[in-house]
Amino acid sequence: MLRKKTNRVSHRAGRTNILSEVGSKSVDRRAFLRGSGLAIGGLAAISATGGSVTQASAAAAVGGAVETIKSVCTHCSVGCTVIAEVANGVWTGQEPGWDSPFNLGAHCAKGAAVREHAHGERRLKYPMKKEGGEWKRISWEEAINEIGDGMMKIREESGPDSVYWLGSAKSNNEQAYLFRKFAAYWGTNNVDHQARICHSTTVAGVANTWGYGAMTNSYNDIHNSKAMFLIGGNPAEAHPVSLLHMLKAKEQNNAPFIVCDPRFTRTAAHADEYVRFRPGTDVALVWGILWHIFDNEWEDKEFIRTRVWGMDQIKTEVAKWTPEEVERVTGAPGSQLKRVARTLANNRPGTVIWCMGGTQHTNGNNNTRAYCVLQLALGNMGTAGGGTNIFRGHDNVQGATDLGVLANTLPGYYGLSDGSWAHWARVWEEDLDWLKGRFAVMEGAGKDGGDRMMINETGIPVSRWIDGVLEDAENIDQPDNTRAMVLWGHAPNSQTRQKEMKTAMEKLDMLVVVDPYPTVTAVLQDRQDGVYLLPACTQFETRGSVTASNRSLQWRDKVVDPLFESLPDHTIISMFAKKFGFHDKIFRNIAMDGDEPVVEDITREFNRGMWTIGYTGQSPERLKMHMANQHTFDRTTLRAVGGPADGDFYGLPWPSWGTAEMNHPGTANLYDMSIPVAEGGLAFRARFGVERDGDNLLAEGVSNPGAEIQDGYPEFTMQMLMDLGWDGDLTAEERASIDAVAGPKTNWKTDLSGGIQRVAIKHGCAPFGNAKARAVVWTFPDPVPVHREPLYTNRRDLVADYPTYEDKKFWRLPTMYKSIQDKDFSADYPIVLTSGRLVEYEGGGDETRSNPWLAELQQDMFVEVNTRDANNLGIRDGEQVWVEGPEGGKVKVMAMVTERVEAGVAFMPFHFGGHLEGVDLRDKYPEGADPYVLGESSNTAQTYGYDSVTQMQETKATLCKIWAA
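Pasting the structure below:
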């Protein structure tokens, strides 16, 4: 175990001699850091291999030629470049990427420590299985055969949907794409990843407002902001390097920085205006700000007239939110919100930024749409310095989402319709009937007594996988319960209802972990057998592309060969594909380099299919060229000034239209009408038809410069090209490809040649049309965003006015709302419980708590309690306390008595695991693979609650009680 520092010096056995040797020589500071880095990273890794890799001597490594290799940090979504220094195959040193336009030579604590992630001695070193309650080392061949045989038995007995493939935001784009393709070939849509529980409500809310569900601008573009409005985010800890860009706007533009958060965070400490409000009342808060904007006629009327539909309905709802009512619901004073509204109105363009504080709610989709409506009202969309800058969590959660590791879509957000499957079958050159035959059919279980075709049904989301196991089979819209669970790069402690998860894990026939670390999955359950741990290598031991939060793709080169007996994710997928008998099919257009699929071929395959979001122009060659020439890109606009990438935006942020040969520069700021489409401009997407109740849904009299249609227009099809007389611009090859799909009915999303996109852009038009954003989403439970009280609320006086939803069944499962809210838990559980991130750790914390440099910084799981509450409860700072949720889960943690949270609110970080209700589970880990720091998972005390559209989990507004341990 680590010990707290006593003299600001870290001591650890086995390092002193090497550091002393380096220190005794006459070396400069840089050489000393290199030497100490070698001692810690290189030799620690060697000592942990057990002889399974060739040992490289420190002297040889220092004396040999040092190679520098560019990679990308594997933690948050900023996309910081890491310069690895490698000698004789050993990663000996690390520098931040000074040429990177994203991190500009900076690292946060986690980024500065990533070398230990690759060389970490606490990693899972070889395949293991649990047998008779003990961990046993096995070979890869044994593991694949045993797991594969078990899965095929389950498939035969219960159908393919009884095996759940849970993917990862830590995979690169190529691995994520291959994972979703693999699930399709297995025959299930029970596939998902972390985006479900972090930003699924963002994707749904934002995409249904203006077309794409992603960050509209970039971290760098914040340099242009005249105001910054941050709600439900703490980038100082969750995305520390992003704060560089925000502070630049603050200092350079004197941009006022407004932070809205229930907790006074490290980010709030930088704010010009801090707005504290009650957890779970985001919609009420935003409508309270808009009330002042509309009341004073500060809205951008011309922008609304030409580019927005439905704002009148928004005004009707906002009119209800007087300053008095807003203060009653949120706690935020009306006078303060008027000041915020005036600040936003007087400082345009301003940007709106949010993170998981806004998304992880039962009405999270309402929150994200309210944020969007605020920007539409102010006219801050489609402009530099404006937009909605949505900070994603993991390094490739944006990419894994784009590549379709989701229960409701194929890659590129194509959905699960027959047309979507036909499109991807063409890309894969697969027999569509064979593909359909891989999926189950529930005879007579569909609408109107027809068959339920599971190929078209959304799967069970990861937030609800435990209910796929525990719910009665007759209540689930699939043939049988989930019987095997594959957690491929996922921390289970990042999910709520931990006690029920333990029960679900124990009920499964089989539990499989594929990860560089054993994760909490290895210890949460009390199984005696049927658990497999497969060591995947880290992203520093492979290559491929990764998508940052701003939609830019960056190419990682491999830093070192896979350590121990770990394998790359795509290699493991290949092994399973062989076992299941469809290897030749799934890899028909992807070459093999020995046992490893060629990564660049996977990139080229998704380039051929992802026309919807413009993942088609980012060829491996272009991405590698960008990485090699980072210094040529402007640090604010991200556009290259001269050099081989001249005119491109860094990382070709999607959409990069057409084929790579078309050389589209990418789109730095979505929906920007000030520049031509060919140069990165766009309109709002015509995704929702051309009219609604007789109202025009297309833009009114505005278009991009150079567009030959100077008005709104629908999305492009071959028929539209023919009607405009532009089809003559197609090449013979393009026309033949279009005819092979659907002739005149082929559209910009299904044309595999890219010809429709190329011709539309040649005439100055956006392939996806030019429409109005919709402020009202008529397909959602709440077309106009409304406030609804959390399921577990202590404000019983508000439940009648702002009730939750009726219980309903969706995403295959019955889902409770009103039946929970109707019960009053507030007398026994009076304190609101919320959760969030720490700067030292990330996600479920398995990687970062296994890193000694980070583990030393934060060794205790804790709960923040307001001074008044602590004194009333008899709690002292630093003492152990129990925190219990209304569903009975409780955690034993250290109390931090602080004014960060207001009276009646408690906060816990969610990065800890390895303790369960006061019991230390360290002895259940495989020997030598336990993280340095263990602690209770906050999610043991967190409760039931899921978004009404996406099944996002509620982690920000439940109840608890606290008492001294």
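Numbering (this note's numbering), first residue to last: 5 to 969. Even for Gly, the Cβ is constructed at its ideal location relative to N, Cα and C.
Sequence-distant residues of its chain with Cβ nearer than 8 Å to residue i (five each side left out)
| i | result |
| --- | --- |
| Asp731 | Met722, Leu725, Arg739, Val763 |
| Ser823 | Asp811 |
| Cys769 | Val681, Ser707, Asn708, Ala711, Glu712, Ile713, Tyr717, Phe720 |
| Thr954 | Arg200, Ser204, Thr205, Val207, Ala208, Gly368, Asn369, Pro465 |
| Tyr821 | Thr366, Leu795, Thr808, Tyr809, Glu810, Asp811, Lys812, Ser952 |
Span separating the alpha-carbon of residue i from that of residue j
| i | j | result |
| --- | --- | --- |
| Leu234 | Phe261 | 8 Å |
| Ser941 | Val82 | 26 Å |
| Ser14 | Leu858 | Annotation note: pLDDT 34 at Ser14 (below 50); position unreliable, coordinate value reported separately. Going from the Cα of Ser14 to the Cα of Leu858 covers about 12 Å. |
| Gln98 | Ile87 | 6 Å |
| Val524 | Met489 | 14 Å |
| Met360 | Ser175 | 21 Å |
| Gly215 | Met385 | 13 Å |
| Asp676 | Gly217 | 16 Å |
| Ala526 | Ala508 | 14 Å |
| Val516 | Leu538 | 8 Å |
| Leu1 | Val563 | Nothing in the structure corresponds to residue 1, since the chain is present only between 5 and 969. |
| Val473 | Ala187 | 19 Å |
| Met505 | Thr947 | 12 Å |
| Tyr130 | Val745 | 47 Å |
| Pro648 | Ala69 | 28 Å |
| Val803 | Asn193 | 36 Å |
| Ala449 | Asp832 | 43 Å |
| Lys185 | His494 | 19 Å |
Boundaries of the alpha helix (DSSP H) in which residue i is found, first to last residue
| i | result |
| --- | --- |
| Ile158 | 144–162 |
| Leu474 | 469–474 |
| Asn350 | 338–350 |
| Ile293 | 286–299 |
| Glu138 | From DSSP, Glu138 is part of no alpha helix (DSSP H) but of the beta strand (DSSP E) over 138–141. |
| Trp425 | 422–432 |
| Gly361 | 360–363 |
Continuous beta strand (DSSP E) stretch holding residue i: start and end
| i | result |
| --- | --- |
| Gly1 | An answer regarding residue 1 cannot be provided, because it is not within the stretch 5 to 969 covered by the chain. |
| Leu571 | From DSSP, Leu571 is part of no beta strand (DSSP E); its letter is neither H nor E. |
| Pro539 | 535–539 |
| Arg560 | 557–560 |
| Trp95 | 94–100 |
| Pro913 | 909–913 |
| Tyr168 | 167–170 |
Spatial neighbours of residue i in its chain, beta-carbon cut-off 6 Å, leaving aside the 5 residues before and after
| i | result |
| --- | --- |
| Cys80 | His243 |
| Val780 | Gly314, Gln317, Pro787, Val788 |
| Lys503 | Gly893 |
| Thr387 | Pro353 |
| Lys583 | Ile148, Gly152 |
| Glu303 | Ile297, Ala381 |
| Ala240 | Leu247, Arg270, Thr271 |
| Phe443 | Gly191, Met458, Ile459 |
Min CB distance residue i to chain D below 9 Å
| i | result |
| --- | --- |
| Asn258 | Reference to chain D is not applicable here, since this structure consists of a single protein chain. |
Chain-order list of residues whose beta-carbon lies under 7 Å from that of residue i (same chain, five-residue window excluded)
| i | result |
| --- | --- |
| Gly389 | Asp225, Asn228, Ser229, Lys230, Pro353, Thr355 |
| Leu436 | Trp425, Ala426, Ala429 |
| Ala173 | His197, Gln198, Ala199, His398, Asn400, Val401, Ala404 |
| Arg926 | Gly918, Asp934, Leu938 |
| Ile594 | Pro601, Val602, Asp605, Ile606, Glu609 |
| Lys440 | Ile459 |
Near the ligand PLP: residue i beta-carbon under 8 Å from a heavy atom
| i | result |
| --- | --- |
| Asp452 | Absent from the structure shown: the ligand PLP. Ligands present: none. |
TODO: Kindly confirm or deny that the segment 177–185 and the segment 336–344 touch, where touching means at least three C-beta pairs closer than 8 Å.
DONE: no
Open item on the list: With three or more C-beta pairs closer than 8 Å as the rule, is the segment 882–898 touching the segment 860–867?
Closed with: yes
- [ ] Starting from the N-terminal side, write out each stretch of the alpha helix (DSSP H) that is 4 residues or longer and does not extend beyond the segment 195–280.
- [x] 204–214, 239–242, 246–256
Open item on the list: Counting beta carbon pairs with one atom in the segment 567–580 and one in the segment 599–609, are three or more of them shorter than 8 Å?
Closed with: yes
Task: Minimum length 4: unbroken alpha helix (DSSP H) runs contained in the segment 797–840 - done: 800–803, 822–825
Task: Validate contact between the segment 251–271 and the segment 319–328 using beta carbons, cut 8 Å, 3 pairs - done: no
TODO: Tell me, please, whether the segment 907–924 touches the segment 838–846 by the rule of three or more beta-carbon pairs shorter than 8 Å.
DONE: yes
- [ ] Would you check if the segment 541–560 and the segment 617–630 touch, i.e. whether three or more CB-CB distances between them fall below 8 Å?
- [x] yes
Open item on the list: Which runs of the alpha helix (DSSP H) at least 4 residues long sit entirely within the segment 436–520? Give them in chain order.
Closed with: 436–441, 469–474, 502–511
TODO: For the segment 113–132 and the segment 529–546, state whether three or more C-beta atom pairs, one from each stretch, are separated by less than 8 Å.
DONE: yes
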